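**Student:**
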Amino acid sequence: MIKNIIFDLGNVLLDYNPVEYLMNKGIEKNKVKELINQVFLSEEWSMLDRGTITEEEAIDVLCKRSKENEDLIRLAMDNWYEILTPIEDSVEILKSVKDAGYKTYILSNFHLVAHENVTKKHNFFEHFDGGVFSFKEKLLKPEEEIYKLVLDRYNMKAEETIFIDDTAINIEAANKLGINGIVFKGAEDLRDELSKYGVSI
Numbered sequence: 007m008i009k010n011i012i013f014d015l016g017n018v019l020l021d022y023n024p025v026e027y028l029m030n031k032g033i034e035k036n037k038v039k040e041l042i043n044q045v046f047l048s049e050e051w052s053m054l055d056r057g058t059i060t061e062e063e064a065i066d067v068l069c070k071r072s073k074e075n076e077d078l079i080r081l082a083m084d085n086w087y088e089i090l091t092p093i094e095d096s097v098e099i100l101k102s103v104k105d106a107g108y109k110t111y112i113l114s115n116f117h118l119v120a121h122e123n124v125t126k127k128h129n130f131f132e133h134f135d136g137g138v139f140s141f142k143e144k145l146l147k148p149e150e151e152i153y154k155l156v157l158d159r160y161n162m163k164a165e166e167t168i169f170i171d172d173t174a175i176n177i178e179a180a181n182k183l184g185i186n187g188i189v190f191k192g193a194e195d196l197r198d199e200l201s202k203y204g205v206s207i
């Protein structure tokens with residue numbers, strides 16, 4: 007019997023589209039691809055998720071590595087967390103499962119600065135019973151330890167828990183520990199997948 011539902015944030019409850027974000031900042035198309043690789047797919051971005059580097063330190067390293075794009079990197083990193091906007095249909099599902107009596111949690115690879123800003127800005131965070139953020143724990147999905155941590159911290163049994171994430175490798179890691187998993191493909195599909203576990207909303 008399912009009792010707990012764990013949500014990822016990026017591209018599950020919060021839209022995360024760096025290409026669109028950079029285009030909206032007026033950055034030329036040919037530079038957008040460079041910045042995606044130099045910033046959003048960089049080792050430093052993962053270090054921010056892991057909480058082992060500050061945003062200022064990351065910007066400094068990124069700018070030194072790609073001096074030709076320093077101004078654009080600084081522009082990209084300026085209030086970048088504004089990219090994270092609620093996916094309303096998913097938020098409605100969160101509210102529905104909470105109202106139906108399920109315990110709800112967050113498990114997300116997330117930066118400190120994003121956490122500080124986004125959790126204050128959007129009131130849907132009040133619908134969670136708890137959460138594990140990568141930057142606080144110095145752990146990242148799909149590392150086994152972060153899944154064990156969320157289960158242990160909130161006294162959850164794996165077989166009574168569903169984890170929702172947009173990345174298959176993260177779901178596979180959860181499955182190895184006996185956690186039920188759903189790869190997020192959209193709100194309508196999520197409702198269908200939840201119903202297969204007896205979660206009717």
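For the sequence shown, this note's numbering assigns the number 7 to the initial residue and increments by one for each residue that follows.
For each residue, glycine too, the CB sits at the ideal point set by N, CA and C.
These figures come from a predicted structure and were not determined experimentally.
Roughly how many whole angstroms lie between the Cα atoms of residue 24 and residue 182?
**Tutor:** Within the sequence shown, residue 24 is the residue found at index 18, counting from 1. Within the sequence shown, residue 182 is the residue found at index 176, counting from 1. If I take the Cα positions, the gap works out to 31 Å.
**Student:** Which residues bound the beta strand (DSSP E) around residue 141?
**Tutor:** Within the sequence shown, numbered from 1, the residue matching residue 141 stands at position 135. Residue 141 -> not in any beta strand (DSSP E); alpha helix (DSSP H) instead, spanning 140-143.
**Student:** Pick out the complete alpha helix (DSSP H) segments inside the stretch 77-138, 4 residues or longer, and give them in chain order.
**Tutor:** Listed in chain order, the complete alpha helix (DSSP H) runs (minimum 4 residues) inside the stretch 77-138 are 94-105 and 118-127.
**Student:** Starting from residue 189, trace the beta strand (DSSP E) in both directions and tell me its first and last residue.
**Tutor:** In the sequence shown, counting from the first residue as 1, residue 189 sits at position 183. Looking at the DSSP string, the run of the beta strand (DSSP E) that includes residue 189 is 186-189.
**Student:** If I follow the unbroken alpha helix (DSSP H) through residue 152, where does it start and stop?
**Tutor:** By 1-based counting over the sequence shown, the position of residue 152 is 146. Element bounds for residue 152: 150-159.
**Student:** Sort 111, 78, 165 and 113 by Cα distance to residue 33 and report the nearest one.
**Tutor:** Here the question's residue 33 lines up with position 27 in the sequence shown. For residue 33, the nearest C-alpha among the options comes from 78.
**Student:** Name, in chain order, the residues that DSSP records as bridge partners for residue 192.
**Tutor:** Taking the sequence shown and counting its residues from 1, the one referred to as residue 192 is at position 186. Per DSSP, none; premise fails for residue 192.
**Student:** Are the beta-carbon atoms of residue 163 and residue 113 separated by less than 8 Å?
**Tutor:** By one-based count along the sequence shown, residue 163 stands at place 157. By one-based count along the sequence shown, residue 113 stands at place 107. Result no, Cβ atoms of residue 163 and residue 113 do not sit closer than 8 Å.
**Student:** Tell me whether the beta-carbon of residue 28 lies closer than 8 Å to the beta-carbon of residue 18.
**Tutor:** Here residue 28 refers to the residue found at position 22 of the sequence shown. Here residue 18 refers to the residue found at position 12 of the sequence shown. No.
**Student:** Using the Cα positions of residue 207 and residue 99, report the straight-line distance between them to the nearest angstrom.
**Tutor:** Stepping through the sequence shown from its first residue, residue 207 is reached at position 201. Stepping through the sequence shown from its first residue, residue 99 is reached at position 93. Straight-line Cα distance between these residues: approximately 8 Å.
**Student:** If we call anything under 8 Å between Cβ atoms a contact, is residue 45 one with residue 83?
**Tutor:** Taking the first residue of the sequence shown as 1, we reach residue 45 at position 39. Taking the first residue of the sequence shown as 1, we reach residue 83 at position 77. Yes; because the gap between Cβ atoms is below 8 Å, this pair is in contact.
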